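Chemist:
Numbering (the UniProt record's numbering), first residue to last: 1 to 652.
#1: Please state the DSSP three-state secondary structure of residue 192.
#2: What does the alpha-carbon distance come out to for the pair residue 642 and residue 221?
#3: Nearest-angstrom Cα distance between residue 415 and residue 248?
#4: Quick one: give me the first and last residue of the beta strand (DSSP E) that residue 286 is part of.
#5: How big is the Cα-Cα spacing for residue 377 and residue 231?
#6: Do residue 302 and residue 608 have their C-beta atoms within less than 8 Å of each other?
#7: Going by DSSP, name the residue or residues bridged to residue 320.
#8: Is it buried or exposed for residue 317, if we count other Cβ within 10 angstroms and need 16 for buried?
#9: Buried or exposed for residue 437, going by 16 or more other Cβ atoms inside 10 Å?
#10: Within this structure, are the beta carbons of residue 158 and residue 165 separated by less than 8 Å?
#11: Cα-Cα, which of 305, 71, 211 and 217 is closest to residue 606?
#12: For the 8 Å Cβ check, are there 3 or more pairs between the region 223-237 and the region 356-366?
#13: Does the beta-carbon distance from residue 252 to residue 385 come in below 8 Å?
#14: Based on the DSSP secondary-structure assignment, which residues constitute the bridge partners of residue 373?
#15: May I ask you to report which of helix, strand or coil DSSP gives residue 641?
#16: What whole-angstrom Cβ distance do residue 402 and residue 273 have, given they're in contact under 8 Å?
#17: Which two residues bound the contiguous alpha helix (DSSP H) that contains residue 414?
#18: Is residue 286 buried or exposed, if buried means 16 or more other CB atoms sit within 10 Å of its CB?
#19: Compute the Euclidean distance between the alpha carbons of residue 236 and residue 636, then round it to the nearest angstrom.
#20: Going by C-alpha to C-alpha distance, which of 193, 185 and 447 sits closest to residue 522?
#21: How long is the line joining the alpha carbons of residue 265 and residue 517, rounded to whole angstroms?
#22: Cα separation between residue 574 and residue 651?
#23: Would you check if there are 3 or more beta carbon pairs closer than 8 Å linking the region 208-223 to the region 61-78?
#24: Could you give the distance in angstroms between the alpha-carbon of residue 57 and the alpha-carbon of residue 623?
#25: Can you name the residues that DSSP bridges to residue 423?
#26: Could you please give the first and the last residue of the uninterrupted alpha helix (DSSP H) stretch that includes residue 147?
#27: On the CB-based measure, 16 or more other CB atoms within 10 Å of its CB, does residue 572 come out buried or exposed?
#28: For the alpha helix (DSSP H) containing residue 397, list its first residue and its last residue.
#29: Determine the extent of the alpha helix (DSSP H) in which residue 269 is found, giving its start and end residues.
#30: Tell me whether residue 638 is buried or exposed, calling it buried when 16 or more other Cβ atoms sit within 10 Å of its Cβ.
#31: Mapping DSSP to helix, strand and coil, what is residue 438?
#32: Assuming residue 439 and residue 507 form a contact by the criterion Cβ under 8 Å, report the distance between their Cβ atoms to the nearest whole angstrom.
#33: Using 8 Å for Cβ pairs, my map puts residue 204 next to residue 646. What's the rounded Cβ distance?
#34: Are there 16 or more other CB atoms within 10 angstroms of the CB of residue 281, so buried, or fewer, so exposed?
#35: For residue 240, collect the residues of the same chain with a Cβ closer than 7 Å to its Cβ; drop the 5 residues on either side in sequence, then sort them by chain order.
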């Protein structure tokens, strides 16, 4: 009962109590801030500098950016083929866009178009276009190329991606003007963090008192930025030109057809009886062509080698080569590998591969898959059938025919056929339960990795446990101690998403569009958690994140307090990250160091000059739009997230 007795303090006591409360809260705030900063200072390299180290990181990144651009310009002169690999791609790999049957597999099922191959000595017609022979003329070529030229060489996806980038640049320019001209002076007007010009916190929202009416500007501008972003992206979407391919609109992809069905007339009969108004003009069953495509590629490569040495032998006489993979490496030339007649070797190899190719093509009918492409007379018919099969989800059966029990049409999966050049033909054989098992296992492994090794910060902290970064600390150079961790964090943030990126290849998707889309979604989710959410919360992995989210005792027991979120130095980390990504990151994208290493390694192990030419012509990989969209959106998300709380990030 005594605990329930309440006393009313006098006016004098009230003032002393309020003063004591304010003193207690001030002490609590100071101790919390000290704990937060002390918790962060456990790392031997993550140390602060005046103004958050932003000027130092900016200067070092600018110098490194200039050096990398100079190296790139030198590489283009010294290794010209590497600088223009996309132009050296073999014309055989370019897909004619006109007809349905004009894709790569045409030569496999309908015979060779021509046995004559282009001689490796002949130059591509693209070589005459825009030869940037100067030291830095490639920089001017970027701005001189028109969208029509880019689309003709790289496709519609490239111009769409560039349009997306241009709209982001315009959007960020508008945000930059508003943030620097309005939000930054408002943050400077506060005095919570003192008057020291070297204090980075003065540029953040933490410098504005909580009872200041100017804080409403931050909320208003947040809504304004959202509206501007929606309008800008809407304008980008409206400008996209979607040209529907009439052939694709008239073709359906039918899956789960019994493999015993080898007669196309049964499929035609079913559609004719079930849908009398629909006329089928063609049915093409799919087969497992993985080995066939590999043999065809090897056969063509051997053919080019034979043609090359036949032409060269007519001018120089008999040519002897060493066919061991290491024969062209300088240190292995003294091993005395046996030499053979080049023309005879490639002729015999071509004959052997051609026999294997023909034998595999004759067996292709025995490797039929449970899917087919069915083409109708017009797109109205395909829309009718697709609508009927969409009712299966509502537990309704599609139209039946006299052969329904034979072809099992009620089990079919029907969808519009993807574009021929969008299909990854060698992956069509991986389907059904096998595909789902592969997909689930890969993503479980990916989730486990994501759960325990989420952010670059945990890698740096782990390195600190083994004193890996101790030499950096012993230098006691503030420039090195600030620049090194930022560069290290950027390097790991580049490496970790590549694990997510390459997992999409192992999942064996049927189309490149699905592969790129899933890659974009997974990489973006991973990057947002890794770069924005977890570092902002002071957490280093999803493990700690879930413990912080669901464990009621975790916050009380751990050093990671909720009060540590969004401290002024946290904004400096993101500014340094954006600076490093925009300067060093873009320069490293130009250099493509991993690709250059693989390219040089393949050239070293090439058996002969034709194989070296083949490697040069096939070295250019497809531009990975999914990964690049994820990276761009992640950097944009970082800038937009801190454009109001830390407006100094926007100009970078």
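Just so you know, even glycine gets a beta-carbon here, dropped at the ideal spot from N, CA and C. Quick caveat, the model's predicted, so the values are computed rather than measured.
Modeler: Working from what's here:
#1: In the three-state scheme derived from DSSP, where H, G and I count as helix and E and B as strand, residue 192 is classed as coil.
#2: Roughly 12 Å between the two C-alpha positions.
#3: Each residue's Cα considered, the two are about 11 Å apart.
#4: Unbroken beta strand (DSSP E) run through residue 286: 280-287.
#5: Taking the straight line from one Cα to the other gives about 40 Å.
#6: Contact flag unset, no.
#7: Paired residues: 341.
#8: With fewer than 16 other Cβ atoms within 10 Å, it is exposed.
#9: Counting Cβ neighbours within 10 Å, residue 437 comes out exposed, since fewer than 16 surround it.
#10: For residue 158 and residue 165, no; Cβs fall outside 8 Å.
#11: In terms of CA proximity to residue 606, 305 leads the group 305, 71, 211 and 217.
#12: With a cut-off of 8 Å, the region 356-366 and the region 223-237 do not count as touching, because too few Cβ pairs lie within range.
#13: Cβ distance < 8 Å, so residue 252 and residue 385 count as in contact.
#14: Note: residue 373 sits in a beta bridge opposite 253 and 284.
#15: Residue state for residue 641 is assigned as helix, using DSSP reduced to three classes.
#16: Their Cβ separation, rounded to whole angstroms, is 6 Å, which keeps residue 402 and residue 273 in contact under 8 Å.
#17: Segment 413-416 is the beta strand (DSSP E) holding residue 414; no alpha helix (DSSP H) there.
#18: Counting other Cβ atoms within 10 Å of its Cβ, residue 286 reaches 16 or more and is therefore classed as buried.
#19: Those two C-alpha atoms are separated by around 16 Å.
#20: Nearest of 193, 185 and 447 to residue 522, Cα basis: 447.
#21: The alpha-carbon separation between residue 265 and residue 517 amounts to approximately 36 Å.
#22: C-alpha separation (whole angstroms): 13 Å.
#23: Using a Cβ-Cβ distance cut-off of 8 Å, the region 208-223 and the region 61-78 are not in contact, since fewer than three pairs of beta carbons, one from each stretch, lie closer than that value.
#24: So the two alpha carbons sit approximately 30 Å from each other.
#25: Beta-bridge partners assigned by DSSP to residue 423: 511.
#26: Taken as a continuous stretch (DSSP letters only), the alpha helix (DSSP H) holding residue 147 covers 147-154.
#27: Buried, because 16 or more other Cβ atoms sit within 10 Å of the Cβ of residue 572.
#28: That residue, residue 397, is in no alpha helix (DSSP H); it is neither H nor E in DSSP.
#29: Looking at the DSSP string, the run of the alpha helix (DSSP H) that includes residue 269 is 264-274.
#30: Buried, by the Cβ-count rule.
#31: Looking at residue 438 - three-state DSSP - the assignment turns out to be helix.
#32: Under the criterion of beta carbons closer than 8 Å, residue 439 and residue 507 qualify as touching, at roughly 5 Å.
#33: So it is a contact: roughly 5 Å between Cβ atoms.
#34: Its Cβ having fewer than 16 others within 10 Å, residue 281 is exposed.
#35: 160.
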